[in-house]
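What follows is a single structure, written as structure tokens, with notes after it.
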Amino acid sequence: MLSVLDSGKATILPKIVQFFQDESGATAVEYALILGLMTLAIVGSIKGLGTAVSNMFDTVSTNVMDSIDSVTGG
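Note that the sequence shown covers residues 550 to 623 in the numbering used here.
This is the structure in structure tokens:
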């Protein structure tokens with residue numbers, strides 16, 4: 550009985566060592582994390598840019614309306 554357990558241990562141990570040395574899954578996880586961080590950075594930049602553009606159009610609109618009012622006496 551003990552010899553059967555020893556032979557099973559001898560075949561399982563190298564597979565366990567190989568499993569912990571395999572880095573192919575870790576690389577995929579690293580790429581997924583990098584992609585996630587890049588996505589967050591892009592979304593944050595676009596949101597900030599959208600706010601800046603909106604503020605710029607509000608300012609231009611206000612200035613144009615003020616100019617029209619000053620010309621027409623409105």
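Built from N, CA and C at the ideal position, the CB exists for glycine as well.
Remember, predicted model here, so these are calculated numbers, not experimental data.
- When secondary structure is reduced to three states using DSSP, G599 falls in the helix class.
- D618 carries a helical assignment under DSSP once its states are collapsed to helix, strand and coil.
- Linking A601 to G622 through their CA atoms gives a straight-line distance of about 31 Å.
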